[in-house]
Structures are given as C-alpha cells and as structure tokens.
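With numbering that gives the first Met the number 0, the residue at position 76 of the sequence shown is 75, and numbering never jumps. These notes are about the structure you will find just below.
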Amino acid sequence: MKFHKGEEVVFGFLQNEIEKKIANLTCREGLTNSPSLQTPQACNSPLATSCQQTPPFTRGQLVQREHPSSNYLVRCVTVCQRTGDIAILAGNKGVYIYHDTPHGYKNPERHIVSFHISDIAFSMNNEYIVVDNKRLVFYNRDHSFSQELLADDEEFHFVSVDASGRLIVTAVSEDEDCVECYILVYRKNFKSKRFRFGQGFLSSDCGRVEYYKNKFYVPDYGSDRIFIFHSNGDFFGPWGMTNVKALAISPANDSILVCREESMIYVYGVDSKDLKGTIATNLWQANSIAMTKDGKNAVVCYKNRKVFDVLAFVL
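As structure tokens, this is what we get:
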C-alpha cells in the first residue's frame with residue numbers, strides 16, 4: 000500500500016478507544032520485590048464478570064535482568080538459535096553479546112560501530128548482523144568484518160533469520176511522491192533475493208518479521224494489525240489488533256507473543272489465534288522481544304529503559 004507524503008491515515012480509532020477504557024478498568028500488578036511477575040487479581044468492578052470470562056493470566060518469572068549500558072537505552076534484542084547467545088542493541092551504535100551458560104547469560108562483549116544501527120540478528124553461521132540503512136553488515140564473533148549486503152533503491156529497517164537460514168528484511172522504498180514498505184527474502188548465501196512481497200498490503204511502517212509454519216507474520220504499525228503471508232509471499236489475511244509494537248514465536252508452546260502499547264505481552268495460539276494469557280511487564284511497554292533457543296523464555300526490552308529481561312512463563 001503506497002502512502003503519499005503528508006497524508007494521515009488512521010485505522011481502528013473506535014476500537015482503540017474502547018480497548019483503552021477497558022484497560023483502565025483492568026486490575027493488574029507488575030514486578031514485586033520477588034522475582035515473580037505476579038498474576039493480576041480478580042477485578043472489583045462492574046466488569047468483573049467479563050474479566051473472569053477471559054483466559055487466565057500467564058504467570059511469568061523474572062529469570063535475569065541486565066543493564067548493558069548506563070548511558071544508552073536498550074532498543075532491541077535478538078537470540079542466536081545456534082548458540083543461544085543474546086545480542087542487545089544499546090543506543091544506535093553499541094552491540095552487546097551475552098553468552099548462554101549453565102548459570103545464565105554472562106560475560107557480555109561490547110562492539111561499537113561507527114554508523115547508526117536500526118536492528119540486529121544472527122546468521123546461521125553464527126555471525127551477527129547489523130542493519131545500517133542501505134546495507135546489512137556481517138561480523139564474525141571476534142568482531143572482525145565478514146561481509147555486507149547492499150540495498151538496491153530501498154532502505155533496510157529490520158532483519159530476521161528463519162530456521163533454514165534465509166534473511167527476511169523489512170525494507171522501505173521512497174520517492175518524491177510516496178513511501179512503500181515490502182519484505183525481501185534472501186537465500187542462505189545472501190547474494191541474491193529470492194523474492195519480495197507485501198506491496199499493496201503493507202503500510203509505510205512495519206517491524207521485524209517472523210516466519211513459522213510456512214507463514215510470514217508482519218507487524219504493521221500503520222494499520223495496527225499483523226499481516227500474514229504464505230511461504231510464497233501470497234497474502235493470507237490480517238490479524239486485527241491494536242497498538243502492535245513487536246512479536247515473537249514460541250515453537251515450544253506453539254504460541255505467538257505480541258507486544259502492544261500496554262504493560263502486557265499477549266500470548267496467542269498460532270493456529271487458533273485464541274488468547275492463552277498475558278505476561279505482566281511492570282507497567283513498562285515492551286518494545287522488542289525474542290525467544291530463547293529452547294523457545295521457553297522470552298528476552299524483552301522496554302520503551303525508554305536501559306535494561307532487558309529474560310522472562311520464563313508457563314501456559
């Protein structure tokens with residue numbers, strides 16, 4: 000979907016307002032002094048009956064909290080599916096890699112680059128990838144340069160890597176009249192595009208894509224929806240919800256975790272789309288999320304915060 004510059008497009012305004020009013024009446028608790036993310040208590044309001052009809056809240060446990068930098072906000076998180084290591088983007092130039100050990104995520108390594116980064120990922124070869132507007136830059140684990148992938152006439156905003164090793168890039172093309180967002184899929188050798196999709200369906204502002212069970216899940220900020228596409232890029236359909244900020248897939252629970260502009264992470268069934276529960280996040284808005292290697296824990300960072308959390312949850 001192309002958007003002309005200067006146009007303002009608003010979707011789902013009424014639904015937004017209704018959800019905000021309901022959220023204000025919902026009883027919830029955040030982190031306490033214990034490491035548990037407490038389950039909200041029953042509502043003592045006229046909406047108590049309807050609250051009790053919703054799925055039970057997921058009980059989450061704070062496994063680990065880290066402060067990568069005292070100077071910079073944590074902007075996004077990612078996990079290496081080969082080693083289990085966590086990479087954190089602090090500010091727009093600092094990458095911190097925490098090693099997966101039997102005693103938690105330890106011994107962070109810091110790598111500072113000279114350019115601005117918008118997202119990070121790991122390749123199947125254990126390289127870490129940073130998104131630098133017009134290119135993807137690959138680094139070996141000793142921080143030495145490995146390779147780069149240049150954009151054509153678009154800008155790169157986000158990147159993810161699926162289980163087969165393909166690169167999935169959220170890209171934006173802009174000219175004098177309009178801005179268009181689409182998804183690029185590269186083969187494992189990263190040298191040639193396999194295909195692109197999303198033109199005519201996506202707004203000009205989309206996030207990091209997840210691929211699971213032969214479908215692409217695209218968070219579309221402009222339309223407040225998650226758009227789903229088949230493995231060949233054909234449009235499958237929208238998944239309507241408001242204020243989507245990020246998402247991650249948990250294969251261990253066959254669930255999709257959705258961060259929204261609230262102090263909750265919503266957990267849905269991938270196939271049924273039923274709400275299984277929620278994870279409280281201490282009244283902080285989760286801004287980026289990734290699943291650990293075993294798919295049982297979520298790595299989360301928050302809007303305007305200098306920390307990231309590892310959260311365990313049981314459905």
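Glycine included, every Cβ here is placed at the ideal spot set by N, Cα and C.
Please classify N64 as buried or exposed, where buried requires at least 16 other C-beta atoms within 10 Å of its C-beta. On the sequence shown, residue 64 is found 65 positions in, with the first residue counted as 1. The sequence shown places Arg at residue 64, rather than the Asn named in the question. Per the 10 Å Cβ criterion, exposed.
According to the Cβ coordinates, are D204 and G232 closer than 8 Å? Locating residue 204 in the sequence shown gives position 205, where the first residue counts as 1. Locating residue 232 in the sequence shown gives position 233, where the first residue counts as 1. Not closer than 8 Å, so no.
Is the segment 239–255 in contact with the segment 264–279, if contact means three or more CB pairs nearer than 8 Å? Yes, the segment 239–255 touches the segment 264–279.
Along the beta strand (DSSP E) that carries R304, what are the first and last residues, could you check? Locating residue 304 in the sequence shown gives position 305, where the first residue counts as 1. Element bounds for R304: n/a, residue is neither H nor E.
Sorted by chain position, which residues of the same chain lie with C-beta nearer than 6 Å to G29's C-beta, five sequence neighbours on each side aside? Within the sequence shown, the letter at position 30 stands for residue 29. Below a pLDDT of 50, predicted positions are generally treated as unreliable, and G29, at 36, falls in that range; no measurement from the model is reported.
For the candidate residues I96, V136 and S69, whose alpha-carbon lies nearest to that of G83? For the purposes of this step, residue 83 is taken as residue 84 along the sequence shown, with counting starting at 1. When each option's Cα is compared against that of G83, the closest is I96.
For the segment 68–117, which segments carrying the beta strand (DSSP E) assignment without a break, of at least 3 residues, lie completely within its bounds, in sequence order? Listed in chain order, the complete beta strand (DSSP E) runs (minimum 3 residues) inside the segment 68–117 are 73–78, 85–89, 93–100 and 103–111.
Can the beta-carbon of R165 be found closer than 8 Å to that of L149? Reading the sequence shown from its first residue, position 166 is the one you call residue 165. Reading the sequence shown from its first residue, position 150 is the one you call residue 149. No. Outside cutoff.
To the nearest angstrom, report how far apart K190 and A120 are at their CA atoms. The sequence position of residue 190 within the sequence shown is 191, counting from 1. The sequence position of residue 120 within the sequence shown is 121, counting from 1. Per the coordinates, the alpha-carbon of K190 lies some 17 Å from the alpha-carbon of A120.
Extent of the continuous beta strand (DSSP E) to which M263 belongs: Taking the first residue of the sequence shown as position 1, residue 263 is located at position 264. First-last of the beta strand (DSSP E) with M263: M263 to G268.
Reference S122, options N106, V168, P107 and S287, closest by Cα: Numbered from 1 along the sequence shown, position 123 holds the residue referred to as residue 122. Of all alpha-carbon atoms in N106, V168, P107 and S287, the one lying nearest the alpha-carbon of S122 is that of V168.
Expressed to the nearest angstrom, what Euclidean distance is found between the alpha-carbon atoms of A89 and Q60? Taking the first residue of the sequence shown as 1, we reach residue 89 at position 90. Taking the first residue of the sequence shown as 1, we reach residue 60 at position 61. Going by the C-alpha atoms only, they are around 24 Å apart.
Per the DSSP calculation, T277 is bridged to which residue(s)? Counting from 1 along the sequence shown, the entry for residue 277 is found at position 278. Y265.
DSSP bridge partner residues for T291 (one or two, in chain order): Looking up residue 291 in the sequence shown gives position 292. For T291, which the question treats as bridged, DSSP gives no partner whatsoever.
Find out if the Cβ-Cβ distance for the pair C75, S262 is shorter than 8 Å. Within the sequence shown, the letter at position 76 stands for residue 75. Within the sequence shown, the letter at position 263 stands for residue 262. For C75 and S262, no; Cβs fall outside 8 Å.
With DSSP as the reference, identify every bridge partner of E153, one or two as the case may be. Looking up residue 153 in the sequence shown gives position 154. Bridge partners of E153: none, in fact.
Hey, would you say D219 sits closer than 8 Å to S230, going by beta carbons? In the sequence shown, the residue the question calls residue 219 occupies position 220. In the sequence shown, the residue the question calls residue 230 occupies position 231. Taking 8 Å as the Cβ cut-off, D219 and S230 do not qualify as a contacting pair.
Tell me the start and end of each unbroken beta strand (DSSP E) in the segment 177–236 that is at least 3 residues and wholly inside, in chain order. Taken in chain order, the whole beta strand (DSSP E) runs of length 3 or more contained in the segment 177–236 are 177–185, 192–196, 209–211, 214–219 and 224–229.
For L256, the first and last residue of its enclosing beta strand (DSSP E): Numbered from its first residue, the sequence shown carries residue 256 at position 257. Start and end: S254 to R259.
Alpha carbon of Y301 to alpha carbon of F137, nearest angstrom: Walking along the sequence shown from the start, residue 301 turns up at place 302. Walking along the sequence shown from the start, residue 137 turns up at place 138. If I take the Cα positions, the gap works out to 26 Å.
Which residues bound the beta strand (DSSP E) around S249? Counted from its first residue, the sequence shown places residue 249 at position 250. DSSP places S249 in the uninterrupted beta strand (DSSP E) bounded by V243 to S249.
Assuming L310 and V129 make a contact with CB atoms under 8 Å, what is their CB distance in whole Å? The count along the sequence shown starts at 1 and reaches residue 310 at position 311. The count along the sequence shown starts at 1 and reaches residue 129 at position 130. The beta-carbon distance between L310 and V129, rounded to whole angstroms, is 25 Å. This is too long to meet the 8 Å contact definition.
Per DSSP, what kind of secondary structure is R329 in: helix, strand or coil? For residue 329 there is no data in the structure shown, the boundaries of the chain being 0 and 314.
Once DSSP output is grouped into helix, strand and coil, what is the label at G239? For the purposes of this step, residue 239 is taken as the residue at position 240 of the sequence shown. DSSP, read as helix, strand or coil, puts G239 in strand.
Return helix, strand or coil for S143, following the three-state DSSP convention. Here residue 143 corresponds to residue number 144 of the sequence shown, with the count starting at 1. DSSP, reduced to helix, strand and coil, places S143 outside both helices and strands of the structure shown, so it counts as coil.
Determine the direct distance from the alpha carbon of A86 to that of H98, and round the result to whole angstroms. By 1-based counting over the sequence shown, the position of residue 98 is 99. By 1-based counting over the sequence shown, the position of residue 86 is 87. Computed Cα separation, rounded: 9 Å.
Buried or exposed (CB count within 10 angstroms, at least 16 for buried), R207: Within the sequence shown, numbered from 1, the residue matching residue 207 stands at position 208. Result: buried.
Short Cβ contact (8 Å threshold) for E245 with A297: The residue given as residue 245 occupies position 246 in the sequence shown. The residue given as residue 297 occupies position 298 in the sequence shown. It should be noted that the sequence gives Ala, not Glu, for residue 245. No.
Beta carbon of N303, beta carbon of L72: below 8 Å? Looking up residue 303 in the sequence shown gives position 304. Looking up residue 72 in the sequence shown gives position 73. In this structure, the beta-carbon distance from N303 to L72 falls below 8 Å.
Going by the beta-carbon positions, is the gap between G197 and V171 smaller than 8 Å? Working through the sequence shown from its first residue, we reach residue 197 at position 198. Working through the sequence shown from its first residue, we reach residue 171 at position 172. For G197 and V171, no; Cβs fall outside 8 Å.
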